[in-house]
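Residue numbers (my numbering): 6 to 242.
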């Protein structure tokens, strides 16, 4: 519905009601897009989970037809900005969300508070709800607390340590990252964890660990393929 609205209309509808009050604009997916697009004119505090608008030319094909059908200003950087730094949370491993963040969100708000939630998928907000962390996280953000990181997963989930490792590696702390990738593998074997550990070990120059991890990853792959074949065989019988 918000695709047919313009920024001036939203301001005309909301500004008189919210006069003298703090405005918070938040949402997930297309709702996060709307919060960012319209929130600037209202000088809102903005929280966006996995911003995305599938019909946006940057995602649907940057043709003149898609630009004409958008009915919005193409780039976030060209619309009014809030004086408050937005809070953006998304999975950098989700190719669509990462692309939209890189091409649309970051150029608009290069100083935004950005939190990466690897392996959470497009439904970051759903993962937070499933793990029981959504209410606490939202409450803290609404109260103005800017945490060092937002971990979607609970400590008893292997992706908790994977996320810790991912963020450590992204910050250039490979030894800390290696610790968390090893901890994640102790909880569960998964291809993405092996890949991250091997890349980290290579950066550290630990060739012995690389060889061991590559062997373990291969054995895991063989075992997984065997298990899948057996499941298919059992389902067919």
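All residues carry an ideal CB built from backbone N, CA and C; glycine is no exception.
Using the three-state DSSP reduction, which class does residue i fall into: helix, strand or coil?
i, result
"residue 60", "coil"
"residue 22", "coil"
"residue 30", "strand"
"residue 140", "helix"
"residue 66", "coil"
"residue 223", "helix"
"residue 149", "coil"
"residue 114", "coil"
"residue 100", "helix"
"residue 16", "helix"
"residue 159", "coil"
"residue 44", "helix"
"residue 154", "coil"
Cutting at 6 Å between CB atoms, please list the residues of its own chain near residue i, excluding the five before and the five after it.
i, result
"residue 44", "30, 51 and 87"
For residue i, verify whether its CB is less than 6 Å away from any heavy atom of the ligand FMN.
i, result
"residue 44", "The ligand content of the structure shown is nil, which means the ligand FMN is not present either."
Does the distance from the C-beta atom of residue i to that of residue j stay below 7 Å?
i, j, result
"residue 151", "residue 118", "yes"
"residue 164", "residue 124", "yes"
"residue 46", "residue 85", "yes"
"residue 94", "residue 122", "yes"
"residue 167", "residue 182", "no"
For the beta strand (DSSP E) holding residue i, just list the boundary residues, first then last.
i, result
"residue 119", "118 to 121"
"residue 53", "50 to 54"
"residue 94", "92 to 95"
When we look at the beta-carbon of residue i and count the other beta-carbons within 10 Å, is it buried (16 or more) or exposed?
i, result
"residue 120", "buried"
"residue 193", "exposed"
"residue 32", "buried"
"residue 147", "exposed"
CB-CB under 8 Å to residue i, same chain, minus the five flanking residues each way: which ones, in chain order?
i, result
"residue 207", "215"
"residue 60", "8, 71, 74 and 75"
Spatial neighbours of residue i within its chain, please: C-beta separation below 7 Å, excluding the five flanking residues on both sides.
i, result
"residue 79", "62 and 72"
How is the alpha helix (DSSP H) around residue i delimited, first residue to last?
i, result
"residue 76", "Taken as a continuous stretch (DSSP letters only), residue 76 belongs to no alpha helix (DSSP H), as it is neither H nor E."
"residue 10", "Counting along the chain, residue 10 falls outside any alpha helix (DSSP H), and DSSP gives it neither H nor E."
"residue 181", "179 to 192"
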